[in-house]
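For the record, in the sequence shown the residue sitting at position 115 is 101 according to this note's numbering, with numbers rising by one throughout.
No residue lacks a Cβ here, since even glycine has one placed at the ideal position from N, Cα and C.
This report refers to the structure that appears directly beneath it.
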Amino acid sequence: HMKHFLDIHKTDKSELRHIIDTAKSIKDARAGRPKAAPDADLPLKDRMVALIFEKPSTRTRVSFDVGARQMGGQTMVLSGNDMQLGHGETIADTARVLSRFVDMIMIRTFDESVLEEMAEYATVPVINGLTDRTHPCQIMADILTFEEHRGPIAGKKVVWCGDGNNVCSSFLHAAGQFGFDLTFTGPVQLDPEMEFVGLARNAGSTITIERDPFKAVEGADLIVADTWVSMHDAQSARERRHNMLRPYQVNETLMEAAGKDALFMHCLPAHRGEEVTSEVMDGPQSVIWDEAENRLHAQKAIMRWCAGG
Ligand code: CP
Ligand code: NVA
C-alpha cells in the first residue's frame, strides 16, 4: 500500500529506525562532496516531486529541493496562493490531478485535515512538511542529530521549553516511538496536546509536566526551544504569549542548571533574545546548524522510503 509519511506516531517503529539509519549512511556517503553532485545511486531518477507551501519556509523548501535533486529527481516548488487549492477546488480533486503529473507530494499547510485529505485521494506518496499540529520531518532530523552527538536516544531525557506546539507534538510522538522521556516546561495555557501525552505514556515513555523550568532541566540530555508565536498563531496573541513564555527563555542560567552535557536544539527560525539567547544559540552546547543540515539527510531517507527504496 501507499507509503505516506504523515506523522511519527502513524509510522511503524521499525520503519522509523530504518529511515534514521538510512539518513546516517546517506550523510556519510556524501561527506565533502559538492552540493549539486548526484548520489551514487539515484532512487528518484526520472521522478517528479511537488513541494507545496501554504506557509513560508526556508529549511524545508531548500532541503527537500536539494535532496530530491541529489537523488536524481526533479522538483517543482508550488505556492498555495498560486494554486486553485484554497480557491474553491477541493483538496481531493487537487490530489487526484497532481497524482497524474507527479510521483510524490510534500505539503506544508495549516489544518491537518488538508494533509489527510491529500493523502487519502493522492495515488502517490504524500509527506507532511508541517501542519498547525505536527512537524514530523523536523523531529526525524532532530533524532539523527542527537544520535550523532550522543548515541542512542532511547532512555534519554528531552526537555521541551515553552509552547506545547506542533513541533512539541511531534517530539511527543517520537518519545513513544523511539523510547525516550520528555519533560514539558511552559505555562499551563500552552500545555502540549494531552492526547499525544497519553499516546507517549501508553507507549511506555515518562512524560512530565513541570512548571518550574529550572527543575525541569535537571538531568536533561537535550533542551529544545521553538518560537513563541508560530505561523498559525494570531499576531494579536503575540504580546500575551510573550508575557506567558518569558520565564521559559533558554539562556545561560538555564543551561547551567541543565549541566554541561545537555545539548541544545531549535528547529529554526529562532528569535534571538526571545525564546533563546544568542549566547546559547552560538554556545558550545548548541547543535542547531547540524540540526538544520540534517533536515536534508533525514528527508532524503524519508523520500527514499516513500519511493519504495
Ligand atoms: N524548521 C523549519 O521547518 O524551517 P522552515 O520553516 O524554514 O522550513
Ligand atoms: N512552530 C513553528 C515551527 C516553524 C518551523 C511554526 O509552526 O511556525
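Taking all protein chains shown into account, do 16 or more other C-beta atoms lie within 10 angstroms of the C-beta of residue i, making it buried, or fewer, making it exposed?
i    : result
H283 : buried
Q175 : exposed
G53  : buried
T44  : exposed
D207 : buried
E181 : exposed
Q285 : buried
R232 : exposed
Q235 : buried
A15  : exposed
F50  : buried
S99  : exposed
K143 : buried
Out of the options, which has the shortest C-alpha to C-alpha gap to residue i?
i     : options                : result
K13   : G294, L2, D25          : D25
S272  : G205, L249, K286, T263 : L249
G205  : A243, I5, V112         : A243
M251  : F200, S43, R197, Q124  : Q124
L101  : G184, A81, M289, G141  : A81
D27   : A36, G58, L84, M69     : G58
I77   : D51, I(-6), V112       : V112
N67   : C147, M289, I38, N280  : I38
T46   : M92, N151, G137, A161  : M92
C147  : T8, D198, G245         : D198
C253  : L116, A105, G172, P29  : L116
A211  : D51, D128, D7          : D128
I193  : P42, A256, A161, Q221  : A161
R19   : F157, Q56, Y234        : Q56
R290  : H(-5), E98, D(-7), I6  : I6
G259  : H228, R281, L185       : H228
M126  : N152, V63, S264, I288  : I288
G294  : H(-5), A17, R33        : R33
I209  : M90, G172, D79         : G172
L149  : F(-9), V262, V35       : A quick correction: the sequence has Asp, not Leu, at residue 149. D149 has its Cα closest to that of V262, out of F(-9), V262, V35.
M241  : A17, V203, S65         : V203
N114  : K246, H257, H(-10)     : H(-10)
S65   : L84, S264, P42         : P42
I(-6) : H73, A22, F157         : F157
M90   : T109, H73, D97, G72    : T109
P29   : E40, E279, V48, T8     : T8
Reducing DSSP to helix, strand and coil, say where residue i ends up.
i      : result
Q60    : strand
K143   : strand
N229   : helix
T46    : helix
D167   : strand
L37    : strand
L249   : strand
V(-12) : As written in the sequence, residue -12 is Met, which differs from the Val given in the question. M(-12) falls in the coil class under three-state DSSP.
L28    : coil
S65    : strand
A23    : coil
N151   : coil
L208   : strand
V112   : strand
D128   : helix
R119   : coil
S11    : helix
H218   : coil
E196   : coil
T80    : helix
V203   : coil
G184   : helix
V296   : One cannot answer for residue 296 here, as it falls past the ends of the chain, which runs -13 to 295.
In terms of DSSP beta bridges, what is residue i paired with?
i     : result
E75   : L71
S191  : Answer is none; S191 lacks a bridge partner.
H(-5) : None, per the DSSP bridge assignment.
S272  : F250
R94   : F39
V262  : V236, R258
Could you check whether the Cβ of residue i sits closer than 9 Å to any Cβ belonging to chain D?
i   : result
A17 : The structure shown contains no chain D, having only a single protein chain.
Cβ contact (3+ pairs, closer than 8 Å) linking the region 185 to 192 and the region 215 to 222: Taking a cut-off of 8 Å for Cβ pairs, the region 185 to 192 and the region 215 to 222 do not touch, as fewer than three such pairs fall below it.
Stretch pair the region 130 to 137 + the region 112 to 121: three plus CB contacts closer than 8 Å: Result no; under three Cβ-Cβ pairs closer than 8 Å.
The region 254 to 270 / the region -7 to 10 touching (three or more Cβ pairs under 8 Å): With the rule of 3 Cβ pairs closer than 8 Å, the region 254 to 270 does not count as touching the region -7 to 10.
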